[in-house]
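Undergrad: To start, I am sharing the structure in question, which I have written as structure tokens.
There are 2 protein chains.
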Amino acid sequence: MQKSGSTAQTRGAAGARPRGRPRAFDRAAALAQATRLFWQKGYETTSIADLTEAMGIGAPSLYAAFGSKEALYAEALRYYQEAYDSLVWASFMAAGSAREAVRLLLRDSAAALTGNGDHPLGCMIALSSVGSEGHEELGALVRSARAAGRDRVEARLARAVAEGEIPVSVDVAGLARFVQTVQAGMSILARDGADRAELEAVADIAMQGWDARACGA
Amino acid sequence: MQKSGSTAQTRGAAGARPRGRPRAFDRAAALAQATRLFWQKGYETTSIADLTEAMGIGAPSLYAAFGSKEALYAEALRYYQEAYDSLVWASFMAAGSAREAVRLLLRDSAAALTGNGDHPLGCMIALSSVGSEGHEELGALVRSARAAGRDRVEARLARAVAEGEIPVSVDVAGLARFVQTVQAGMSILARDGADRAELEAVADIAMQGWDARACGA
DNA sequence: GGATTAATATATCGATCGATGCAGAAATCC
DNA sequence: GGATTTCTGCATCGATCGATATATTAATCC
Chain A
19 MQKSGSTAQT
29 RGAAGARPRG
39 RPRAFDRAAA
49 LAQATRLFWQ
59 KGYETTSIAD
69 LTEAMGIGAP
79 SLYAAFGSKE
89 ALYAEALRYY
99 QEAYDSLVWA
109 SFMAAGSARE
119 AVRLLLRDSA
129 AALTGNGDHP
139 LGCMIALSSV
149 GSEGHEELGA
159 LVRSARAAGR
169 DRVEARLARA
179 VAEGEIPVSV
189 DVAGLARFVQ
199 TVQAGMSILA
209 RDGADRAELE
219 AVADIAMQGW
229 DARACGA
Chain B
19 MQKSGSTAQT
29 RGAAGARPRG
39 RPRAFDRAAA
49 LAQATRLFWQ
59 KGYETTSIAD
69 LTEAMGIGAP
79 SLYAAFGSKE
89 ALYAEALRYY
99 QEAYDSLVWA
109 SFMAAGSARE
119 AVRLLLRDSA
129 AALTGNGDHP
139 LGCMIALSSV
149 GSEGHEELGA
159 LVRSARAAGR
169 DRVEARLARA
179 VAEGEIPVSV
189 DVAGLARFVQ
199 TVQAGMSILA
209 RDGADRAELE
219 AVADIAMQGW
229 DARACGA
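Protein chains in written order, with this note's numbering: chain A, 19 to 235; chain B, 19 to 235.
Rendered as structure tokens:
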């Protein structure tokens, strides 16, 4: 099910093929499939049988390439952050003001979380319930990933305070936590079937308070 | 582990004890324990062995009293709504205005979701990921429970429009969805360790937009 | 007391869980 | 070519999953 010519994906440009029998599947593609499955079903609910079927490989190949279910999930989480989550933050990073950054973050989140049908609904990180008893290592991983989002917002707000966009009287940590709350909540609504327009309306309402406060001066 | 005198909990006031050997455990107390376990760990992650241990009964007693794991979860969800979730809505129901109702709902949610250490963090309904593949019946149950919260808010907002508190130009469905989003997001933050003061600050920020909009007139 | 009814304790059911042992297959090195 | 290395397919490991069969115990009815 995989052309034999595509087995060189992890090799350096200078050749030097590894010694033994080459891997018959595309590791990156298999990881992408595993990511979508974990994203859709969660860690506990996704079985090795589910994974091997979706990835199109046998269990020994999975363990040889990824180590364990936990290690595969950790790698899938990293893949998700790079392949999906980072896209949501692109406009945020490029925005000229903190207000515009947050506005675009929430708008882009509304669009990404509802998706276009080619990936699961909601955010894999926000909706992950790993760490509720057992798998403490993965739980810490997910929690830190969630905290990273808020930290990005908080850092941007702090910069805006330094630049005079936002008055020093504003609690940037609290405001960042509010943005994180809205973004997290949108994932739950997206899972329940809220569409893009509905979440965009939520994002707009969340932003309407911005100008009412001293921030928007 | 249970006094034999407490076996009459489901009997009518007029006596008429059931025929056979009486149940040796308190069904309501066992349900309460099961609820807390499902609340903390989720449906899939909680095993029958976990349940029987926490409830202090054997597996056959569990199945005789509750039918199945799915039926027990459904009953636990109902118990949660009556014993915990309804408390959060008490002030909402009693408030004199829609604005005050929503404000108290978010404030009380902040308090309830962080708790006082005697129950799991976050909302069992909001954080439930049942229904992501398999268990479609329970998934529908949880989704409808989530929708019920938003419907309550929307109905209150609609009433406020009828009473002139909120202008007819306001999209009450969208505003209700915003409130639901903030409330849902707070559950995720609570699970990650956000304390009561932090979530109250989130609730306050969510409300600050209220007066800025036409609603607060 | 004897008959009837229901709950408990013990042991275990088949299925599935995550994870491997092993033999054959496909590549490199020499 | 032969030796070596690594991946794949098949079979299966012990543990745990949700759920029960069976025998015993404890109550009511008569």
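We put the beta carbon where it would ideally sit given N, CA and C, even for glycine.
(1) Helix, strand or coil: which one does DSSP assign to A:ARG287?
(2) Taking Cβ positions only, does A:ARG35 come closer than 8 Å to chain B?
(3) Where B:GLU71 and B:VAL190 are concerned, what is the direct C-alpha to C-alpha distance, given to the nearest angstrom?
(4) Leaving out five residues on either side along the sequence, give the residues of the same chain with a beta carbon under 6 Å from the beta carbon of B:TRP107.
(5) Mind listing which residues of the stretch 92 to 124 of chain A have their C-beta closer than 8 Å to chain B's C-betas, in chain order?
(6) Short of 6 Å in beta carbon distance, which residues of its chain neighbour B:PRO36, apart from the five on each side in sequence? Order them along the chain.
(7) How many whole angstroms separate the CB atoms of A:ALA119 and A:PHE110, which I take to be in contact at a CB cut-off of 8 Å?
(8) So the candidates are B:TRP57, B:LEU80, B:ALA116; which of them puts its Cα closest to the Cα of B:ALA67?
(9) Please report how far the alpha carbon of A:THR63 lies from the alpha carbon of B:THR64, in whole angstroms.
(10) Have a look at A:ALA94 and A:ALA144 and give me their C-alpha separation to the nearest angstrom.
(11) Of the choices B:ALA219, B:ALA173, B:ARG164, B:GLU183, whose alpha-carbon is the least far from that of A:LEU207?
(12) What is the DSSP secondary structure of B:GLY167, counted as helix, strand or coil?
(13) Given B:MET225, which residues of its chain have a CB within under 6 Å of its CB, disregarding the five upstream and five downstream residues?
(14) Using a Cβ-Cβ distance cut-off of 8 Å, determine whether A:GLN27 contacts chain B.
(15) Would B:ARG170 count as contacting chain A if we go by Cβ distances under 8 Å?
(16) Taking the alpha-carbon of A:GLY152 as reference, which of B:THR53, B:VAL148, B:GLY60 has the nearest alpha-carbon?
(17) Beta-carbon within less than 8 Å of A:ARG54's beta-carbon, same chain only, minus the 5 sequence neighbours each way: which residues are those?
(18) Below 7 Å CB to CB, which residues in the same chain sit around A:LEU217 once its five sequence neighbours on both sides are set aside?
(19) With a CB to CB cut of under 7 Å and the five nearest residues on each side skipped, what residues in its chain are close to A:GLN51?
(20) Considering only the alpha carbon of each residue, which of A:LEU193, A:SER187, A:ARG117, A:VAL220 lies closest to B:ALA202?
(21) List, in chain order, every chain B residue whose beta-carbon is nearer than 7 Å to that of A:PHE196.
(22) Whose C-beta lies closer than 7 Å to the C-beta of A:GLY30 among residues of the same chain, with five residues either side of it excluded?
(23) Could you tell me the alpha carbon to alpha carbon distance between B:GLU155 and A:LEU175, rounded to whole angstroms?
(24) Identify the contact partners of B:LEU207 in chain A, using a Cβ-Cβ distance below 8 Å as the criterion.
(25) Ignore the nearest five residues each way along the sequence and tell me which others in A:VAL179's own chain have a CB closer than 8 Å to its CB.
(26) Report yes or no: is there a C-beta of chain A within less than 8 Å of the C-beta of B:LEU145?
(27) Could you tell me whether any Cβ in chain B is nearer than 8 Å to the Cβ of A:ALA173?
(28) Starting from B:PRO138, trace the alpha helix (DSSP H) both ways and give me its first and last residue.
(29) Which chain B residues sit within Cβ distance under 9 Å of A:GLU216?
(30) Let me see if you follow: with CB-CB separation under 8 Å, is A:THR63 close to chain B or not?
(31) Can you give me the Cβ contacts of A:SER146 inside the same chain, cut-off strictly under 6 Å, excluding the 5 residues immediately before and after it?
(32) Would DSSP call A:TYR61 helix, strand or coil?
(33) With DSSP as the reference, label A:PHE196 as helix, strand or coil.
(34) Counting only C-beta atoms, is A:GLY227 closer than 8 Å to chain B at any point?
(35) What runs of the beta strand (DSSP E), each 3 residues or longer, lie entirely inside the stretch 67 to 131 of chain A?
TA: Taking the geometry as given:
(1) Absent from the structure is residue 287 of chain A, since the part of chain A shown begins at 19 and ends at 235.
(2) no
(3) 46 Å
(4) none
(5) none
(6) none
(7) 5 Å
(8) B:LEU80
(9) 12 Å
(10) 14 Å
(11) B:ARG164
(12) helix
(13) ARG121
(14) Unreliable positioning characterises A:GLN27 in this predicted model, as indicated by a pLDDT of 41, which lies under 50. The coordinate reading is nonetheless provided below. Output row for A:GLN27: interface = no.
(15) no
(16) B:GLY60
(17) ALA72, HIS137, PRO138
(18) ALA128, LEU131, THR132, MET204, LEU207, ALA208
(19) ALA72, MET73
(20) A:VAL220
(21) VAL220, ILE223, ALA224
(22) Confidence at A:GLY30 is low in this model, with a pLDDT of 46, below 50, so the placement of that residue should be treated as unreliable; the coordinate-derived value is given next. None.
(23) 44 Å
(24) ARG195, GLN198, THR199, ALA202
(25) PRO185, VAL186, VAL188, VAL190
(26) yes
(27) no
(28) Here B:PRO138 belongs to no alpha helix (DSSP H), and DSSP marks it neither H nor E.
(29) ALA191, GLY192, ARG195
(30) yes
(31) VAL160
(32) coil
(33) helix
(34) yes
(35) none
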